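Worksheet: one structure, shown below.
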Amino acid sequence: MKLYKGTRLAALAKPEWDIGRVFHTDEGGKRLVASLLMGLNLLLVIGLQASNSRIVAGDWKMYYTAALALRSSHRADLYNPDVYMATQQRLLPGLPPDEVKTYTHTPYELLAYLPFSFLPYRAAAYAWIGFTMLLAVLCGRLLGSYAAVLGLAPLIPVLVYQQDSVIALLLLTLCWRLLQSDKLVPAGLMLGLALFKFPLVLPLTLVLVLWKPRLLKGFAVSGAVVFLVSLLLVGPAGLHSYVDYIWHMARDSSAAVSPQHQVDPRHMPTLRGVIYEIASGGARVGASWTVPVTALAALVLLLAGWKFMRSAAPDELKFSLAVLLAILLSYHSLLHDLVLLAIPFVLLRSFFARLLLLPFYCAPLLLLFYPNGHAWLALFMLGACVGVWLTLTAQPDPIPAAVPG
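Going by my numbering, the first residue of the sequence shown is number 837, and it counts up by one from there.
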C-alpha cells in the first residue's frame, strides 16, 4: 500500500486531481466540453439513423418479431429460426436470408418490448429509441451527471442498433443508490432484474457479494422471479431451447469465430477479446490455449478483486472496480454494453483512472478501434482498475461520496 506513495503515479491518483483543474478549465469550460460531447453524440446518431431509416440494420427486427411471437401461438418456438424468416421478410421486403435475426436474449426481457409490438414496425423502432433516450437522461439524473451518460460514445450503438444496455445501466445505477442507503436486499433485487445481461451481471454479483454478502438474498429472490416469469412465458420447451442455443453459441465461439451465431470474440471489449486477438494473430481461428489462458487471467483478476473488496477502500472505489471487473470478465459483451462505464467515470475521483476512461467519451477516437479492434478497449478499462488501486494507495482514508444524493 505504501510502495507508490510519493511517486508521480500515486500523485495522479489523488482524488483532488480532476480534469478541470489539470487543464485549467473553469466550471463554464466543463459545461462547454460536456455540451460538445453530448451534441456530437446526438449529431452522429441522427446521421447514422438517417442511413437506416427503414430500420433494416440493428437488432430491432429481432426484438420486434420476438415480441410478436410471444403474443402468438409461437411462444414455445421463440428460439426457432424458422419462426423469424417469414415475419422479418414480410416486415422488410427484400431482406436477405442471412440478415434475418433470431431472438437470443432471455424470455422475460421481452416484457419491456411487448408494448411496442402493438405499433407498426418503424413507429415501434423510433418509439423505442426515444424511450432509450429518456432512460439515459434518467440515468444521468441519478448519477448526478448527464454528460457522463449522454456523452459516452458507446451510447451511439445503443441507439443506432436499438439495444437494451441502458436498461442494465439504470438497474445498476439503482443498485448503487440503494447500496449507498445500506438497503442491501433491494440492491440485490436490482442485480437480479438485470440478469438479461447475465454474462455481465454474474461476475458483477460475484465480486459485490464478496463485499456485501446480504446482496445475495435479494439477488436470489429476483433471480427466481425472472426464471419463473420466463418459464410462464415460453414453457419448459422454450427454456430448454434457450439454454441449448446459448450453450452451442458459447461452445462454437470458444476458440474460433462462429459464423452460424455471428459471434467474433475479437469484437468484444473484454479480457476474452484481448486474449483471442493475441491468439488468432488476425486469423479467423484462435489457438487452442485461448480458453485456459482466459480462465487463468479471469481467476487472477477475481483474486485481486476479492482482496480489494476485503480492504478498507471507500464504497465508490469498490463499486467502480466491481463494474470494471464485470465488463472485463464478461464472456460475451459488445461495444454498446460499455455504457456501464458511466458509473465508474462518475464515482472515480482519480485523474489517472478517469484519463484512461476518456477515450470512451470521444466517438472519433473510438472509431479507430472499429470494427475489429474493440478487444483492445479492454486495456483502457484494465488501466482504470490500476487507477482505482492507486487511488487507495495515494489516500487510504475514506473519501466523501462523489455523487450527490
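Backbone N, C-alpha and C define an ideal beta-carbon position, used for all residues, glycine too. Keep in mind that this is a model prediction, so the values were computed, not measured.
Residue closest to residue i, alpha-carbon to alpha-carbon, out of the options
i	options	result
Ser-1001	Ala-1060, Pro-917, Trp-964	Trp-964
Gly-1028	Ser-1186, Gly-1054, Leu-878	Gly-1054
Met-874	Val-973, Tyr-1112, Val-1043	Val-973
Pro-990	Pro-1180, Ser-1186, Leu-1170, Phe-1187	Leu-1170
Ala-1214	Ala-961, Pro-1200, Phe-1196	Phe-1196
Val-1061	Thr-968, Leu-1025, Leu-1008, Leu-876	Leu-1025
Asn-916	Leu-1183, Val-1070, Ala-1133	Val-1070
Gly-976	His-1084, Leu-1194, Arg-1013	Arg-1013
Leu-995	Leu-1192, Leu-1068, Ala-961	Ala-961
Lys-1154	Thr-968, Leu-1042, Pro-1105, Leu-1135	Leu-1042
Phe-1063	Leu-1044, Phe-1034, Met-1085, Tyr-1081	Phe-1034
Ala-983	Leu-1015, Leu-872, Arg-1087	Leu-872
Leu-971	Leu-1139, Leu-880, Leu-986, Ala-959	Leu-986
Met-1104	His-1210, Pro-1200, Leu-1135	His-1210
Tyr-957	Val-1127, Ser-1066, Ser-889, Ala-912	Ser-889
Ala-1162	Gln-999, Leu-904, His-910, Val-1045	Val-1045
Leu-1160	Asp-1151, Ala-1149, Ile-1179, Ala-1148	Ile-1179
Arg-1050	Leu-1107, Leu-1020, Leu-1218	Leu-1020
Ala-1086	Ser-1166, Leu-1031, Met-1145, Cys-1011	Ser-1166
Leu-880	Tyr-920, Leu-1218, Ala-1199, Leu-1139	Ala-1199
Thr-968	Leu-878, Pro-951, Ile-891, Gln-998	Gln-998
Cys-1221	His-1172, Val-1057, Asp-1173, Glu-1152	Glu-1152
Gly-1219	Leu-1107, Val-1129, Ala-903, Lys-1143	Leu-1107
N-terminal and C-terminal residue of the alpha helix (DSSP H) that residue i is part of
i	result
Cys-975	957-979
Cys-1198	It is not in any alpha helix (DSSP H) - Cys-1198 carries neither H nor E in the DSSP assignment.
Lys-1154	1151-1165
Tyr-915	Looking at the DSSP string, Tyr-915 is not in any alpha helix (DSSP H), and its letter there is neither H nor E.
Ala-983	982-986
Thr-1130	1126-1145
Trp-1012	1001-1016
Gly-930	Premise fails: Gly-930 is in no alpha helix (DSSP H) and is neither H nor E.
Thr-1041	1034-1047
Tyr-949	946-949
Leu-1031	Element bounds for Leu-1031: n/a, residue is neither H nor E.
Ala-1211	Per DSSP, Ala-1211 belongs to no alpha helix (DSSP H) and is neither H nor E.
Ala-1178	1178-1183
Pro-993	991-996
Residue i, DSSP secondary structure in three states
i	result
Val-892	coil
Val-1239	Model confidence at Val-1239 stands at a pLDDT of 41, short of 50, so the residue's coordinates are unreliable; what they give is reported in the following sentence. If DSSP states are grouped into helix, strand and coil, Val-1239 belongs with coil.
Asn-877	helix
Val-936	coil
Phe-859	Any reading at Phe-859 must be qualified, since the residue scores a pLDDT of 38, below 50, and its modelled position is unreliable; the value itself is stated next. If DSSP states are grouped into helix, strand and coil, Phe-859 belongs with coil.
Local Cβ density within 10 Å of residue i, reported as buried at 16 or more and exposed below that
i	result
Asp-1100	buried
Gly-883	exposed
Ile-1003	buried
Arg-1102	buried
His-1168	buried
Gly-1223	buried
Phe-1131	The amino acid occupying residue 1131 in the given sequence is Ala; Phe does not appear at that position. The residue in question, Ala-1131, is exposed, as its Cβ has fewer than 16 Cβ neighbours within 10 Å.
Ser-908	exposed
Ser-1017	exposed
Met-837	In this predicted model, Met-837 has a pLDDT of only 38, less than 50, meaning its place in the structure is not dependable; the value taken from the coordinates is given anyway. Classification for Met-837: exposed.
Leu-927	buried
Trp-1047	buried
Glu-1113	buried
Gly-1109	buried
Arg-1185	buried
Asp-1080	exposed
Ser-1066	buried
Ala-959	exposed
Gln-1084	Note on residue identity: the sequence assigns His, not Gln, to residue 1084. Exposed: under 16 other Cβ atoms inside 10 Å.
Chain B contact for residue i (CB, 9 Å cutoff)
i	result
Ala-922	No chain B is present in this structure, which holds just one protein chain.
If contact is defined by three or more beta carbon pairs under 8 Å, each pair taking one atom from either stretch, is the region 891-903 in contact with the region 921-931? A contact is defined here as three or more CB-CB pairs under 8 Å, and the region 921-931 meets this definition with respect to the region 891-903.
Between the region 1066-1084 and the region 942-949, do three or more beta carbon pairs fall short of 8 Å? yes
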